[in-house]
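Engineer: Line order of the protein sequences matches chains A and B. Heads up: the first sequence at position 38 corresponds to 38 in the numbering used here, and the numbers run straight through without jumps. In the numbering used here, each residue's number is its place in the second sequence (first place is 1) plus 1000. Supplied in structure tokens, the structure appears directly below.
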Amino acid sequence: MSCFHLENVSYRYDKTPVLNGIDLALEPGEILGLFGHNGAGKTTSIKLILGLMQPTHGRVSVLGGHAGDLQVTQHIGYLPENVMFYPQLTGREILSHFARLKNASLHQVPELLEQVGLSDAMDARTKTYSKGMRQRLGLAQALLGKPKLLMLDEPTVGLDPVATADLYYLLCKLRDEGTGIVLCSHVLPGVEPYIDRAAILTEGALQAVGDLAALRQQANMPVTLSLGPVNSVSALEKAIDKASASSGLAIRTDNGRLKVDVQPTEKMALLEAVMASGEVADVSIYQPSLEDIYVHFIGSGGLANRGGSQ
Amino acid sequence: MNSIWTIARKELSDSLRNRWLMAISLVFATLALGIAWFGAAASGQVGYASTPATIASLASLGIFLIPLIALLLAYDAIVGEEEGGTLLLLMTYPLSRSQLLLGKFLGHGLTLALATLIGFGFAGVAIALLVEDVAVASLAIAMFRFIASTVLLGWGFIALAYVVSVRVSEKPVAAGLALAIWFFFVLIFDLMLLGTLVASEGKFNAELLPWLLMLNPTDIYRLLNIVAFDGAAQLSGVLSLGSDLPFGAAGLWLGLVLWFVVPLGGALLLFRNRRI
């Protein structure tokens, strides 16, 4: 049973198309990163899965049922972006209120608050909470009732580095226990190590989906080799020129090393030839990062194209 | 049902926490006792005048106060949740929109009912105990009728506030519209009615007039509490129109009930169609 399955889903707001023919699924025990510029349709996708809206076309099935059904929402945890909660209530009271609404055991309340590091502040009113503390409370709320599908919109906003690391540790633990997790974030380097698959949205259409290796292959972006010379940079440069099959490789000097951008298919051939020349003392290989891949798929048409940065 | 009660319970404990319940009860009790003791001051004496006069004065005050309190209590019910971001979150819980709104209504309705019962009930008991030779039975009936109709009137305006709250997307707008509702029913409506009567120079169908009063819950409330006494001599202005009602007290009660059921139904319908 998939955590959710979008089949050829389209959504129009009034007459404006927001989503166009999206096909996307999430299996249990998987972390999916959902990326895209502001207005690309991430929030709309999430709202469709939560059953807050109905798609104009296509089918949305969630946890084997229909999105929005009460027995389905029972098993979904959601952390929205920017929740203020009820400022006059304490963290414990708020979490108890939500636990009752979700028919979750009230024993979970102090446990979850401790898990997100709010045990000292749980009896303080949330109007005294910092942004990071509210974010943690939101996270505890999302974890109520041990959800099978967890949707987190910008979960690390306002969290300090240690809390962020704790969060990812927790998410990985939940993933290993079989929870399907959707992670929306603009902090790409932060989420890169933790996601199993990435989905990149632009203008309401899915540009690319897959694990990082597949995305790299699809993007076919050059790999950067950083080579340290045995003798001199110029000797090494000559060796590279001789070794490279295709002429005109982009070679830059950088702190006494050479950086070469090479197509993934030509990487091994070049490396072997350069090694054989005996001019290389050290090699580092830089794969394109999630951020590079993201920019590749989004197209770098300037800020205007990306709807502003965040 | 469980989730309705969970929502109601939070509203109720909110109004305990922010002292709304206590403040309203206190205001009601003070007003009721003040009116009971100084109600006869106009005729040159201090002391309990009579049960009908006291209830009539209380009702006149209630007409201004109850709608205002109800609207203030409820205007941000939905729009407030939306501004805080919790509406979106609540809708992802196993909770339907109707359950949320009904839970709010139960919570706000109970708050108002409790405050009315405590405030005016206390005043009623004080009058029964302290005033000599007051007819306790007729006082109890009048007080019961007064409290019940006050609660219904309050519920009506809570429901009207919800109609606004589910429709707008900003709190200040909701507050403004709530005040406009108050203004219309409490001040404008009777003026308009009188104005129409005078301007039409008697061509207005007289049979229609009592029915027009039914279009305003505050008029129904006033009729219920003042006309109920046989000595209807105190009726003045627009209310004298209601002295020859084609329907009895039961019709008035039904009118008040409809005045909270219909707006509440409307609010539920509007809320269901709202985009989140």
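Each residue gets a CB set at the ideal place from its N, CA and C atoms; glycine is no exception.
#1: Terminal residues of the continuous alpha helix (DSSP H) containing F1277 (chain B)?
#2: Scan the segment 1017-1051 of chain B for residues whose Cβ lies nearer than 9 Å to a Cβ of chain A and list them as they occur along the chain.
#3: Go through its chain and collect everything with a Cβ distance to Y194 (chain A)'s Cβ below 7 Å, but skip five positions before and after it.
#4: Compare the C-beta of Q141 (chain A) against all C-beta atoms of chain B and say whether one is closer than 9 Å.
#5: Taking DSSP as the reference, what is the three-state secondary structure of P229 (chain A)?
#6: In the segment 1078-1090 of chain B, which residues sit with their C-beta less than 7 Å from some C-beta in chain A, listed in chain order?
#7: Buried or exposed: G77 (chain A), going by 16 or more other Cβ atoms within 10 Å of its Cβ?
#8: In whole angstroms, what separates the C-alpha of M275 (chain A) from that of A163 (chain A)?
#9: Exposed or buried, which one is G302 (chain A) when buried takes at least 16 other CB atoms within 10 Å?
#10: Put K47 (chain A) into one of helix, strand or coil per three-state DSSP.
#11: Are the beta-carbon atoms of K242 (chain A) and A273 (chain A) separated by less than 9 Å?
#12: Between I285 (chain A) and the rest of its own chain, which residues show a CB-CB distance below 7 Å, the 5 nearest in sequence each way excluded?
#13: By the three-class DSSP mapping on this structure, what secondary structure does M268 (chain A) have?
#14: Can you tell me where the alpha helix (DSSP H) holding I1127 (chain B) begins and where it ends?
#15: Are there three or more Cβ pairs, one per stretch, closer than 8 Å when the segment 1068-1077 of chain B is compared with the segment 1166-1178 of chain B?
#16: Please list, in chain order, the chain D residues whose beta carbon lies closer than 8 Å to that of H107 (chain A).
#17: Which chain B residues sit within Cβ distance under 7 Å of Y194 (chain A)?
#18: Tell me whether Q263 (chain A) is buried or exposed, calling it buried when 16 or more other Cβ atoms sit within 10 Å of its Cβ.
#19: Helix, strand or coil for V1134 (chain B) per DSSP?
#20: Please list the terminal residues of the continuous alpha helix (DSSP H) segment that includes G138 (chain A).
#21: At a Cβ cut of 9 Å, what residues of the segment 1156-1175 of chain B count as close to chain A, listed as they run along the chain?
#22: List the endpoints of the continuous beta strand (DSSP E) containing P17 (chain A).
#23: Is any beta-carbon of chain A found at less than 9 Å from that of S1096 (chain B)?
#24: Along the chain, where does the beta strand (DSSP E) that runs through N255 (chain A) open and close?
#25: Since T73 (chain A) meets chain B, which of its residues come closer than 7 Å, beta carbon to beta carbon?
#26: How many angstroms separate the CA atom of D1014 (chain B) from the CA atom of A142 (chain A)?
#27: Out of A:P155, A:E177 and A:A121, state which residue places its alpha-carbon closest to the alpha-carbon of K146 (chain A).
#28: Would you grab the beta carbon distance between G299 (chain A) and V18 (chain A) for me? Rounded to a whole angstrom, and I think it's under 8 Å.
#29: Please confirm if F4 (chain A) has its CB atom under 9 Å from at least one CB of chain B.
#30: Taking only runs that begin and end inside the segment 27-98 of chain A, name each unbroken beta strand (DSSP E) of 3 or more residues, in chain order.
#31: Kindly indicate the opening and closing residues of the alpha helix (DSSP H) around H296 (chain A).
#32: I want to see whether chain A comes within less than 9 Å of T1111 (chain B), judged by CB atoms only; does it?
#33: Beta-carbon of L32 (chain A) versus every beta-carbon of chain B: anything under 9 Å?
Structural biologist: Result, derived from the coordinates:
#1: Residue coverage of chain B in this structure runs from 1001 to 1276, which leaves residue 1277 (chain B) outside it and unanswerable.
#2: Within the segment 1017-1051 of chain B, the qualifying residues are R1017 and N1018.
#3: I31, Y168, L171 and C172
#4: For Q141 (chain A), the closest Cβ of chain B is nearer than 9 Å.
#5: strand
#6: G1084, G1085, T1086, L1088 and L1089
#7: Residue burial is scored here from C-beta neighbours: G77 (chain A) has at least 16 other C-beta atoms within 10 angstroms and is therefore classed as buried.
#8: 44 Å
#9: Only weak support exists for where G302 (chain A) lies, its pLDDT of 48 falling under 50; the value from the coordinates is given anyway. Its Cβ having fewer than 16 others within 10 Å, G302 (chain A) is exposed.
#10: helix
#11: yes
#12: V223 and L225
#13: helix
#14: R1097 to L1130
#15: yes
#16: Here chain D cannot be found, since the structure's protein chains are A and B.
#17: Residues of chain B passing the Cβ test: none, with the nearest at roughly 23 Å.
#18: Note on Q263 (chain A): under 16 other CB atoms within 10 angstroms of its CB, so exposed under the neighbour-count rule.
#19: coil
#20: K131 to A142
#21: none
#22: T16 to L26
#23: Yes, S1096 (chain B) lies at the interface with chain A (some Cβ there is under 9 Å from its Cβ).
#24: Per DSSP, N255 (chain A) belongs to no beta strand (DSSP E) and is neither H nor E.
#25: Result: T1092, Y1093 and P1094.
#26: Roughly 23 Å between the two C-alpha positions.
#27: Checking every option, the nearest Cα to that of K146 (chain A) belongs to A:E177.
#28: At roughly 19 Å, the Cβ-Cβ gap does not stay under 8 Å, so G299 (chain A) and V18 (chain A) are not in contact.
#29: Interface criterion not met: the Cβ of F4 (chain A) is under 9 Å from no Cβ in chain B.
#30: 31-36, 57-62 and 76-79
#31: L290 to I298
#32: Chain A, which has no Cβ nearer than 9 Å to the Cβ of T1111 (chain B), makes this no.
#33: no
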